[in-house]
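Numbering (the numbering used here), first residue to last: 3 to 170.
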Amino acid sequence: MTESTQVLHQLKVATNYSKLAMHKCGPRSFKSGQGAMCKVLYKFGDGKLSLKKLEERLGWDGHEVVRVAEKAQENGYVRFATSKKGKLSVALTDKGAMVVEKRLAAEDRAADEVLEGLTDKERECLLKLTGKVIENCKAMGVDYRTIAVKGCRDRKPGHHHNHGCCRR
């Protein structure tokens, strides 16, 4: 294993531990993708986005967006709205916004706990280093939005899709 491979492995392990710690210490207010959807609605589009924009932001297909939005609507987090042009959109309700704000505050507390042992200078250094890694990946043509796309399991010779599911 080269030094570069070891560094990236260590970064991956630290990321996984951080995710587990955030989950352990963080909020439990949403289920089955509703949290991700509500956070996207909260952060982008002033609490309301078209189904197409939600698909793009979340990296989900249209059926999944509708399924999760319907469940979130049952729970009172979102509501469906139709524009003057007849386009369907999803809007965050007051209850949904309140729960997102509580969730973000809990995530901040969990993040502070995860990074508790680092000095301000170490946090700044970590931020700069990870930023450089991200920029290098972008320069290589890596698109973070594709992380939600599952790799195609069909590995038959000659099998290819235009949408990039095959990782060869």
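All C-beta atoms in this analysis are idealised placements derived from N, C-alpha and C, irrespective of residue type, glycine included. This one's a predicted model, so the numbers in the text were calculated from it and none came from an experiment.
The C-alpha of Ala112 lies about 5 Å from the C-alpha of Met24.
DSSP, reduced to helix, strand and coil, places Val92 within a strand of the structure shown. Just so you know, the alpha carbons of Asp96 and Glu5 end up roughly 50 Å apart. Its Cα nearest to that of Lys21, the residue Asp114 stands out among His65, Val68, Gly133 and Asp114. Residue pairing for Phe82: DSSP places it in a beta bridge opposite Val92.
The three-state reading of DSSP puts Leu51 in strand, counting E and B together. The alpha-carbon of Gln75 is positioned some 14 Å away from that of Leu51. For Lys130, the uninterrupted alpha helix (DSSP H) run begins and ends at Asp122 to Ala141, by DSSP.
Spatial neighbours of Gly35 in its own chain (CB-CB distance under 6 Å, excluding positions within 5 residues in sequence) are listed in chain order as Val70.
If you draw a 10 Å sphere on the C-beta of Tyr79, you find 16 or more other C-beta atoms in it, and that means buried.
If you draw a straight line from the Cα of Ala38 to the Cα of Thr84, it is about 22 Å long.
In the DSSP assignment, Thr17 falls within the unbroken alpha helix (DSSP H) covering Glu5 to Cys27.
Leu120 has its alpha-carbon roughly 12 Å from the corresponding atom of Leu129. C-alpha of Lys87 to C-alpha of Val144: approximately 36 Å in a straight line. In the displayed model, Gly61 falls within coil according to three-state DSSP, outside both helix and strand. By the criterion of a C-beta distance shorter than 8 Å, Leu94 is surrounded in its chain by Cys40, Leu43, Tyr44, Gly49, Lys50, Tyr79, Val80 and Val102, once the five residues flanking it on both sides are discounted.
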